[in-house]
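Input: a single structure, listed below in structure tokens.
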Amino acid sequence: MLPIFLSSCAELRPSPVSLSDRIYTFLNAHNTLSLATVADDGTPHACALFYAVAPDLTLYFLSDPNTLHGRHLESRPRVAATVEANNQDWKDIRGIQLRGRAGRCPATDLHRARALYAARFPFVARAETLAGPLQRACYYRLVPDWIRLIDNTLGFGHKEEWHRP
-16 MLPIFLSSCA
-6 ELRPSPVSLS
4 DRIYTFLNAH
14 NTLSLATVAD
24 DGTPHACALF
34 YAVAPDLTLY
44 FLSDPNTLHG
54 RHLESRPRVA
64 ATVEANNQDW
74 KDIRGIQLRG
84 RAGRCPATDL
94 HRARALYAAR
104 FPFVARAETL
114 AGPLQRACYY
124 RLVPDWIRLI
134 DNTLGFGHKE
144 EWHRP
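Each residue of the sequence shown is one higher than the one before, starting from -16 at the first, in the numbering used here.
In structure tokens:
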């Protein structure tokens, strides 16, 4: 499937690298996402989380299931998230917006989650101060079904959208 170009200001030209590969490269170059969840009463919530990403664009994070977002995910798995590079100039703005489903990582995917997370954040296994909190933490999996890559380095307002096949 060809990427959808939404920018009206940028020159529209496909990249020789696939959109999913460019999204993976961007996600792999950063480590913190802002996760948006919703309570049963409709109250929104956002939090920052470290994540690891797989080549199929599945994201994994560790969290205590008793956190507000952990409780929200038990009954409302639909989420939104952002990942962005910090910039001081609008011409350098790059980021990701995504929507998908998140929840506790199923047993069939735990090995992959642990391996990716340990490779990304080796300090987690070595940090004595994290031993207690990690006892309470669970791996979560976020499977995006829609991702928008924003890249002003390609022109003001340049956006491309990816949809899970």
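Ideal Cβ placement from N, Cα and C applies to all residues, glycine included.
Between which two residues does the alpha helix (DSSP H) containing residue i stretch?
i                 : result
threonine 15      : Segment 15 to 21 is the beta strand (DSSP E) holding threonine 15; no alpha helix (DSSP H) there.
phenylalanine 104 : No alpha helix (DSSP H) holds phenylalanine 104; DSSP gives it neither H nor E.
Leaving aside the five residues before and after residue i along the sequence, list all residues of the same chain whose C-beta is less than 6 Å from its C-beta, in chain order.
i            : result
alanine 31   : Thr15 and Ser17
glycine 83   : Leu125, Val126, Pro127 and Asp128
tyrosine 100 : Ala35 and Tyr43
When you compare the CB positions of residue i and residue j, do they come within less than 8 Å of one another, or not?
i             : j              : result
serine 3      : leucine 40     : yes
isoleucine 76 : asparagine 135 : yes
leucine 81    : isoleucine 130 : yes
alanine 29    : alanine 22     : no
Provide the residue span of the beta strand (DSSP E) that contains residue i, from first to last.
i           : result
alanine 85  : 77 to 87
leucine 125 : 121 to 134
alanine 37  : First-last for alanine 37: undefined, no H or E at that position.
Thinking residue i and residue j are a contact (beta carbons under 8 Å), I'd like their distance in whole angstroms, please.
i            : j          : result
arginine 124 : alanine 96 : 7 Å
Leaving out five residues before and five after residue i in sequence, what residues of the same chain have Cβ atoms less than 8 Å from its Cβ?
i            : result
proline 89   : Arg124
cysteine 121 : Leu45, Ser46, Asp47, Pro48, Gly53, Arg87 and Cys88
Spatial neighbours of residue i within its chain, please: CB distance less than 7 Å, with the 5 preceding and 5 following residues excluded, ordered by chain position.
i            : result
aspartate 92 : Arg124
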